[in-house]
Structure formats: structure tokens, C-alpha cells
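Working notes, structure below.
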Amino acid sequence: RPGWWQDAVIYQVYPRSFADGDGDGVGDLAGLLDRLPYLASLGVDGIWMTPFQPSPQVDQGYDVSDYCGVDPLFGTMEQFDKLLEAAHAMGLRIFLDVVPNHCSSEHPLFQAAVASGPGSPERAMFHFENGGDGGAPPNNWQSVFGGRAWSRVNPGSDSGREWYLHLFSPEQPDWNWRNPAVGDYFEGVLRFWFDKGVDGLRIDVAHALFKADGLPDAEGTDAVVNGLRSNPKVSDQEDVHEVYRHWRRIADSYSPSRVLVGEVNLAPGRAARYTRHDEMHQAFAFAFVKLGWDAAAWAAVGTELEVARRTHGAPPTWALENHDISRSVTRFGGGERGALRARAGLLAILGLPGGAYIYQGQELNLPDVEVPLHARADPMWTRGGVSRDGARVPLPWTTAPDNTYGFSPAAAAQPWLPTPASWGSLSVEAHRSDPGSTLHLVTTALALRKQLIEKEIFSPNDASAWHVHDTGLLICERGEQILLAVNMGGEPSRLPGGSVLLASFPLTPEGLLPPDSAAWILKDQP
Ligand code: TEU
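So for the sequence shown, full-length UniProt numbering puts the first residue at 10; every next one is plus one.
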């Protein structure tokens with residue numbers, strides 16, 4: 010179907026926490042292959058896999074040392090080929106993560122850059138700069154994970170005035186995109202995976218590849234608050250768009266159905282510029298991903314996204330969760346109420362016009378886990394920031410009272426992050442046996458969504474108009490025929506006229522929408 014991605018639903022797989030095939034406590038390709046039928050039965054259009062390429066795993070694979078391989082921790086290239094074939098046979102598309110802003114400090118090109126010294130072609134592929142007097146770094150930029158964005162090349166040596174740039178941890182040196190050799194290198198990476206038949210690529214920190222010319226200091230507080238979003242010197246530089254125009258031509262040269270989706274962590278108006286007709290196909294609606302349970306904020310951001318859509322043409326790409334943020338159950342207040350809200354929020358985004366991404370475990374309404382300090386693995390935490398581990402705990406598949414809950418084949422295995430005692434009751438098995446579960450709601454919503462798309466009641470280019478009623482009822486009018494309602498107020502709420510197609514929680518006997526619930530409504534036709 011032309012433009013299939015515009016209203017596709019993609020399921021994000023975080024391989025190390027999805028399913029463990031070999032029993033070492035870390036998820037892998039074999040585990041994922043085994044569980045593909047589960048993903049097909051959900052009714053999603055495809056999956057996005059976060060990195061499984063060879064990596065020292067300092068940032069759980071976002072420190073890549075070989076862009077065209079498979080880390081033995083996750084399996085082999087033969088297994089990947091098999092996975093791709095099996096997914097395609099089930100009608101599931103496969104998206105992979107490409108990390109073009111930085112690599113691992115163990116990447117052969119960075120190793121060669123360090124070994125070869127100033128002036129070498131390898132050095133020119135990264136940002137090596139001389140610092141100032143008295144051990145001052147080249148500028149005042151801060152790393153997203155905390156501390157400065159520069160590390161010494163030879164900390165021990167007296168002549169060591171040289172530094173290299175890393176927006177994330179020191180083990181993740183930034184590529185220098187002003188050097189065309191870097192573009193050539195990544196063109197090879199794109200072609201490698203597209204040649205294999207991969208359907209889409211998710212582009213990590215897509216807005217940050219180019220740094221301001223001359224690497225000037227950031228002004229005022231820009232440098233010290235979270236490096237990326239707020240430091241205009243390292244983000245959203247105009248030159249980056251030429252890269253995506255080029256990548257779009259590469260994707261199109263394979264087929265008009267190959268997709269690029271950007272992790273563009275910018276305000277809606279700026280992020281939408283990355284999805285102009287000749288650039289990427291999608292960019293996550295980040296402004297939305299960060300929202301709490303707040304009707305006015307949803308309406309304001311929804312309206313901004315609608316303005317951006319009208320200006321740049323591409324429908325938004327909705328998500329409420331990913332592996333970097335607190336899970337929606339927890340963000341929306343936690344406990345029973347957080348669970349109701351997360352389920353309502355998910356139903357709402359699945360009804361909005363555009364594409365949607367579901368993060369693994371969202372269909373099980375998993376909350377954040379309070380991971381014990383000694384078990385935390387996130388480099389953001391190690392370097393003084395918040396821990397993202399709580400949203401990365403291995404999925405519970407069964408109610409088996411061991412510590413893996415069906416994640417690992419061996420009951421004795423220790424999952425790489427410990428699972429809490431509540432995990433069994435949140436497992437796929439538990440959801441399957443409960444007709445009112447979130448898993449059933451998601452499956453029903455995805456099937457209904459497909460029907461509404463077929464009947465052209467849902468079109469990805471539908472306009473949306475957002476309102477908040479005094480009662481805290483959020484309404485999104487979608488196109489001509491649909492209303493999406495989310496009750497973010499404290500009382501059961503009357504709904505605008507129409508028939509309720511699907512609700513996240515049963516209506517009251519009076520036909521009111523209970524608090525913390527959402528509904529898809531087909532308007533009464535005049
Ligand atoms: O995330 C980019 C990014 O901006 C995040 O680090 C974000 O600022 C942070 O998680 C706070 O929410 C991508 C990946 O999704 C993330 O897992 C990686 O750690 C990061 O890039 C570096 O590759």
C-alpha cells in the first residue's frame with residue numbers, strides 16, 4: 010500500500026529485554042524469533058529493534074563498534090537473516106536502529122584515529138581539538154549523560170592538550186559530519202541493511218549530527234542543562250537536512266516503501282521539518298512523549314503538532330513510551346490509577362491520525378521497576394543522571410514463580426535486570442486469561458483501526474482539533490467522523506453525541522465515561 014507507514018503501528022523491541030533464547034539472562038535474536046507469532050497476533054505492522062550490532066554495551070548497544078554485524082551476545086547474522094525472513098512471511102516489517110551521531114570508542118576507525126595522531130584521515134572523521142591553557146577543554150559543552158562533552162586523548166601525557174568530543178559518554182565519540190568521508194561511510198551502512206531487505210531505519214539523535222561551525226561555546230545556561238535539546242550549538246543545524254535528503258534518495262532507490270524514522274527530540278514545528286516530502290518519512294512526536302496526565306498540555310501539544318502537520322505535510326508519529334523514559338503507568342501517577350490512565354492513553358494515541366509506536370510491555374501495562382542500586386546498568390545513572398533501567402526490565406511472559414517469568418528458558422537464569430515479584434501477574438499469560446486486560450484492549454483496538462482504515466473512516470491525513478471541557482474531558486476531533494475522548498477529570502463525564510466504538514473501561518450505566526478512561530466515538534452523521 011503506498012504510504013503504508015503513514016498510519017502504521019510499529020512495536021519497539023528492546024532485544025536484551027524481550028525474550029532470552031539461550032538462557033544467559035539476556036534477550037537475543039533466538040528469543041525474538043520464537044516470539045514473532047505473539048507480535049503478529051497483536052496486529053502490529055512491524056517491529057523496530059534497538060541496536061544488536063557488536064558493541065562493548067556501555068550504553069546498551071548505542072555504542073556501536075561494528076555497524077554491519079551482530080553482537081554474539083544477541084546471536085549471529087544467520088539468525089538475523091532467518092528472523093527477517095520469518096517476520097516477512099508473517100507480514101511484519103523490520104526496522105533497525107542506526108546510530109550516526111557517535112560510535113563506540115572501540116570502533117576500528119576511532120581506535121585508528123587515536124593511534125595515528127594529529128592530521129590523520131581517521132582523526133578527521135571525529136572531533137579532535139586542542140584545548141586551552143591550564144587543561145581547559147576546547148569549549149564549555151556538557152554531555153547529555155552529565156559532565157563535560159570532552160575527554161582527553163592521552164590523559165597521562167604532558168603534551169596531552171588534545172581532546173575529543175562526545176555528546177554522550179566518553180566511550181561514545183561523536184563523528185564529524187562536516188567530513189564527507191563520514192557520510193560515505195554511513196551510506197555503506199544504510200545500503201548494507203537495505204540490501205538485506207530491512208524495511209526501515211530509526212535514526213538515533215537525528216537532529217544532532219552537525220555541530221555549529223567552529224564549535225563555539227554555548228551561551229548562558231544553554232551549556233549546562235541537558236546538552237542536546239537546549240544547546241543550540243549541537244542541535245538542529247541546517248546542514249543536517251542535506252543528509253536526510255540524500256538518505257531519502259537512497260531509501261527510495263530501493264523502494265518507495267522503505268522508511269526512515271527520526272529520533273528528533275525537538276519542539277513540533279522544528280521536528281516536522283525533518284519530515285518534509287524529500288526527507289525522512291517519520292519523526293517521533295517527542296513533545297507528546299514527555300507529557301504527564303494533563304488535558305490542557307495534551308491539547309496544546311496536539312494543536313502544535315496539527316499546525317506542524319499542516320505546514321510540512323507529514324502526519325505525526327505518536328508514542329507514549331520508549332526505552333529512555335519512565336513508563337506511562339508510572340508517569341501518569343502509578344498504581345491502579347496510573348494503570349488505567351496508561352491504558353486510556355494508549356487507546357487514545359492508537360486512534361489519532363498518523364503513525365504510532367508501542368514500546369514493548371506497554372501492551373501489558375508494565376510500570377517502571379525500582380531497580381536496586383547495585384543492579385543498575387544505565388551509563389546515564391552511573392554519570393549522575395536519572396536511571397533509565399526502570400523501563401528496561403525483561404518482559405514477563407508467564408506466571409511461573411521463578412525469577413524469569415518465562416523470559417529465559419532456564420528457570421535458574423538471572424535476568425540481566427532483576428524482575429519484581431509483581432511481574433507474574435502482569436505477564437502475557439496473565440493478560441491472555443483476562444478478557445478485560447490491556448493486551449486484549451490493544452489487540453481489539455488494532456483490529457478495529459485496520460477496519461476503519463479500510464473503510465476510509467480513518468485517514469492518516471485527517472485534521473485534528475483539540476478541546477478541553479471544564480470537566481477535564483479532552484476531546485480530539487479527528488477528520489469528519491471521529492471523536493477521541495479522554496477523561497482526565499475526576500468525575501464521570503458525559504460524551505458528545507455519537508456511538509462509542511471502543512472504550513478503555515466500561516461506561517457507567519448512565520453512559521458516562523469514567524475518570525482515567527478513553528473512548529473512540531463515531532459521530533452521529535447528519
Ligand atoms: O537517545 C538520545 C537522547 O537524547 C536521550 O539520551 C535522552 O536525552 C535521554 O535518554 C533522556 O531522556 C538515544 C537513545 O535512544 C538512547 O538510548 C541512547 O542512550 C542515546 O541516544 C545515545 O546513543
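Virtual Cβ for every residue (Gly too), placed ideally from N, Cα, C.
Other residues of its chain near residue i: CB distance less than 6 Å, five sequence neighbours each side excluded
i, result
"ALA305", "VAL477"
"VAL233", "In this prediction, VAL233 has a pLDDT of 47, which is less than 50 and means its spatial position is unreliable; nothing more can be read from the coordinates."
"PRO164", "none"
"TYR283", "GLY271, VAL273, MET289 and ALA292"
Contact belief for residue i with residue j at Cβ below 8 Å, rounded distance in angstroms
i, j, result
"ALA512", "LEU522", "7 Å"
"GLY78", "GLN62", "6 Å"
"ALA124", "ALA357", "Not quite, the Cβ-Cβ distance comes to about 53 Å (not below 8 Å), so this is no contact."
"THR59", "PRO24", "7 Å"
"PRO324", "GLY364", "7 Å"
"GLY172", "TRP159", "A small correction: the amino acid at residue 172 is Trp; Gly does not occupy that position in the sequence shown. That pair is a contact at about 4 Å."
"ASP213", "ASP106", "6 Å"
"PHE104", "ARG211", "6 Å"
"TRP57", "TYR366", "7 Å"
"CYS485", "SER473", "5 Å"
"VAL298", "ILE334", "6 Å"
"HIS111", "ASP183", "5 Å"
"VAL252", "GLY192", "7 Å"
"GLY507", "ASP533", "5 Å"
"PRO225", "ASN139", "Between ASN139 and PRO225 the Cβ distance is about 15 Å, and since that is not below 8 Å, they are no contact."
"GLY343", "PRO376", "6 Å"
Neighbourhood of residue i by C-beta distance below 8 Å, restricted to the same chain and skipping five residues each side
i, result
"ASN188", "ALA133 and MET134"
"ALA296", "ALA276, PRO277, ALA280, VAL310, GLU313 and LEU314"
"PRO381", "PRO427"
"GLY433", "PRO405, THR407, THR408, ALA409, PRO410, TYR414 and ALA439"
"ASP29", "VAL35, GLY36, ASP37, GLY40, PRO403, THR413, PHE416, SER417, PRO418, ALA422 and PRO424"
"GLY499", "GLY481 and PRO524"
"ALA95", "LEU42 and LEU45"
"LYS459", "GLY52"
Bridge-paired residues (DSSP) for residue i
i, result
"ILE466", "In DSSP, ILE466 forms no bridge with anything."
"MET58", "VAL22 and LEU105"
"PHE293", "THR326"
"PHE137", "TYR173"
"TYR76", "TYR76 pairs with nothing; no bridge assigned."
"GLN151", "ARG157"
"ALA528", "ALA494 and ALA512"
"TRP184", "PHE135"
"HIS476", "ILE484"
"ARG211", "ASP106 and VAL270"
"THR502", "The residue asked about is misnamed: residue 502 is Ser in this sequence, not Thr. BP columns for SER502 point to LEU522."
is_contact[residue i, chain C] using C-beta, thresh 7 Å
i, result
"ALA430", "Protein chain content of the structure displayed is limited to a single chain, and chain C is not contained in it."
Sequence-distant residues of its chain with Cβ nearer than 7 Å to residue i (five each side left out)
i, result
"HIS286", "GLY322"
"PHE154", "PHE177, SER178, PRO388, MET389, ARG392 and GLY394"
Cβ-heavy atom distance, residue i to the ligand PLP, below 6 Å
i, result
"ASN163", "As for the ligand PLP, it is missing from this structure, which binds only the ligand TEU."
Counting Cβ pairs, one atom from each stretch, are 3 or more of them under 8 Å apart for the stretch 347-354 and the stretch 405-412?
No, because fewer than three Cβ pairs between the stretch 347-354 and the stretch 405-412 fall closer than 8 Å, the two stretches do not touch.
Checklist entry - Using 8 Å as the threshold, is the stretch 94-112 in touch with the stretch 41-48, meaning 3 or more CB pairs across them? => result Yes, the stretch 94-112 is in contact with the stretch 41-48.
Next item on the list: Would you be able to state if there are at least three C-beta pairs under 8 Å between the stretch 70-84 and the stretch 452-468?
Entry: Too few Cβ pairs lie closer than 8 Å, so no.
Is it a yes or a no for the stretch 479-491 touching the stretch 325-339, going by three-plus beta-carbon pairs under 8 Å? The count of Cβ pairs closer than 8 Å, one atom from the stretch 479-491 and one from the stretch 325-339, stays below three, leaving the stretches out of contact.
Report task. Answer yes if the stretch 261-273 comes into contact with the stretch 195-211, meaning at least three C-beta pairs across the two stretches below 8 Å, and no otherwise. Result -> Yes, the stretch 195-211 is in contact with the stretch 261-273.
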